[in-house]
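Going by the numbering used here, the first residue of the sequence shown is number 1, and it counts up by one from there. The C-beta atom is built at its ideal place from N, Cα and C for all residues, glycine as well.
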Amino acid sequence: MTPLMWWLMAAPAGYLLGSVNPAAWIARVFGVDIRQVGSGNPGATNIGRALGPRWAVLVGALDILKGFLPALIFGILGGEIAGEIAGLAAVLGHVTSPWLHGRGGKGVATTLGAILGVQPWLAIPVLIVFFIGVKVFHRVGLGAVMAAVALAVSGIIGGIAGWFDPSDVIFSIVLAGLVLWRHQRNIRAAIASRI
1 MTPLMWWLMA APAGYLLGSV NPAAWIARVF GVDIRQVGSG NPGATNIGRA
51 LGPRWAVLVG ALDILKGFLP ALIFGILGGE IAGEIAGLAA VLGHVTSPWL
101 HGRGGKGVAT TLGAILGVQP WLAIPVLIVF FIGVKVFHRV GLGAVMAAVA
151 LAVSGIIGGI AGWFDPSDVI FSIVLAGLVL WRHQRNIRAA IASRI
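(1) Residues in the same chain with beta-carbon distance under 6 Å from Val-149, minus the five sequence neighbours each way, listed in chain order, please.
(2) Mind reading off the beta-carbon distance from Gly-107 to Val-179? Whole number of angstroms is fine, and I expect it under 8 Å.
(3) Looking at C-alpha atoms only, which residue of Gly-79, Gly-83, Leu-77, Gly-78 is the closest neighbour of Ala-71?
(4) Which residue's Cα is closest to the Cα of Pro-198: Leu-92, Phe-30, Ile-76, Ala-23?
(5) Could you check how far apart the C-beta atoms of Phe-68 and Leu-127 are, in whole angstroms? I think they sit under 8 Å.
(6) Do Val-20 and Leu-51 have their CB atoms nearer than 9 Å?
(7) Rounded to whole angstroms, what is the Cα-Cα separation between Ala-89 and Ile-160?
(8) Please look up how many angstroms separate the CB atoms of Arg-28 and Val-37, rounded, as I've assumed it's under 8 Å.
(9) Are the Cβ atoms of Asn-186 and Leu-142 separated by less than 9 Å?
(10) Tell me whether Met-146 is buried or exposed, calling it buried when 16 or more other Cβ atoms sit within 10 Å of its Cβ.
(11) Residue ranges of each alpha helix (DSSP H) run of no fewer than 4 residues wholly in the segment 83-141, ordered along the chain?
(12) Just confirm the distance between the C-beta atoms of Ile-86 and Ala-176, as a whole number of angstroms; I'd bet it's less than 8 Å.
(13) Go to Gly-60, then tell me how far its alpha helix (DSSP H) extends in each direction, as first and last residue.
(14) Quick one: what's got a C-beta closer than 6 Å to Ile-64's C-beta in the same chain, skipping five residues either side?
(15) Taking C-beta to C-beta, are Ala-152 and Ile-124 nearer than 9 Å?
Structure below.
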């Protein structure tokens with residue numbers, strides 16, 4: 001198949017897999033509407049509040065996998081750009097899940113999975129900044145915002161230095177943008193607390 005055909009297949013495949021929300025499904029098994037608990041976000045952090053830490057770990061792992069698998073598989077079969085399209089589509093599916101009426105999760109774990117599937121070197125600065133942010137501010141949301149900025153900056157620096165292809169730079173910037181978009185409330189709260 002031509003690269004274009006792989007790209008056209010990668011987008012819907014990644015989106016459909018990404019749109020499946022483990023947090024919502026697992027919570028439903030326990031009779032809980034995760035959107036009515038805590039922050040209302042159908043993701044690992046909130047499932048931890050509702051059901052406990054072991055369920056948070058499971059949901060986090062599944063969210064990482066649904067970004068990792070399409071990115072890796074399409075990257076192998078159709079080339080790096082196909083993998084990046086699949087990974088981006090998986091994150092977009094997660095944050096705009098049609099099964100949750102467009103109200104998906106924040107995309108952090110799925111973004112990590114997509115990065116690991118296509119350009120794992122980008123995960124190093126992202127994880128370091130994330131853990132520093134959580135350690136300093138004691139808020140997962142702020143850690144995620146800082147990690148998203150680190151992702152975009154790392155991609156741009158890597159592109160300038162010649163370590164990454166232009167598609168990697170675009171991939172990192174768009175992923176970072178999706179995460180920041182879904183963390184608008186966290187960003188506004190952080191700004192308000194400093195005023």
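On the basis of the data shown:
(1) One-based indexing of the sequence shown puts residue 149 at position 149. Here Val-149 has no same chain residue with a Cβ atom under 6 Å from its own Cβ, once five neighbours each way along the sequence are excluded.
(2) The count along the sequence shown starts at 1 and reaches residue 107 at position 107. The count along the sequence shown starts at 1 and reaches residue 179 at position 179. About 5 Å separates the two Cβ atoms, so the contact holds.
(3) As a first step, residue 71 is located in the sequence shown; it is residue number 71 there, counting from the start. Nearest C-alpha to Ala-71 among Gly-79, Gly-83, Leu-77, Gly-78: Gly-83.
(4) Residue 198 is absent from the structure shown; the chain starts at 1 and stops at 195.
(5) Taking the sequence shown and counting its residues from 1, the one referred to as residue 68 is at position 68. Taking the sequence shown and counting its residues from 1, the one referred to as residue 127 is at position 127. Distance from Phe-68 to Leu-127 at the Cβ level is roughly 14 Å; contact not present, criterion being Cβ atoms closer than 8 Å.
(6) For this step, residue 20 is matched to residue 20 along the sequence shown. For this step, residue 51 is matched to residue 51 along the sequence shown. Going by C-beta atoms, Val-20 is not nearer than 9 Å to Leu-51.
(7) Translated into positions along the sequence shown, residue 89 becomes position 89. Translated into positions along the sequence shown, residue 160 becomes position 160. About 25 Å.
(8) The count along the sequence shown starts at 1 and reaches residue 28 at position 28. The count along the sequence shown starts at 1 and reaches residue 37 at position 37. In fact, because the Cβ distance is near 12 Å, the residues do not count as touching under 8 Å.
(9) Residue 186 sits at position 186 when you count from the first residue of the sequence shown. Residue 142 sits at position 142 when you count from the first residue of the sequence shown. Yes; because the gap between Cβ atoms is below 9 Å, this pair is in contact.
(10) As a first step, residue 146 is located in the sequence shown; it is residue number 146 there, counting from the start. When all chains shown are included, Met-146 counts as buried.
(11) Within the segment 83-141, the alpha helix (DSSP H) runs of at least 4 residues that lie entirely inside it are, in chain order, 108-118, 123-137.
(12) To locate residue 86, count along the sequence shown from 1; it is residue 86. To locate residue 176, count along the sequence shown from 1; it is residue 176. Rather than Ile, the amino acid found at residue 86 in this sequence is Ala. 18 Å between Cβ atoms; not a contact.
(13) Walking along the sequence shown from the start, residue 60 turns up at place 60. Where Gly-60 is concerned, the enclosing alpha helix (DSSP H) stretches over 53-78.
(14) Translated into positions along the sequence shown, residue 64 becomes position 64. Excluding positions up to five away in sequence, the list reads Ala-109, Leu-112, Gly-113.
(15) Against the sequence shown, residue 152 aligns to sequence position 152. Against the sequence shown, residue 124 aligns to sequence position 124. Their beta carbons are not under 9 Å apart, which means Ala-152 does not touch Ile-124 by this criterion.
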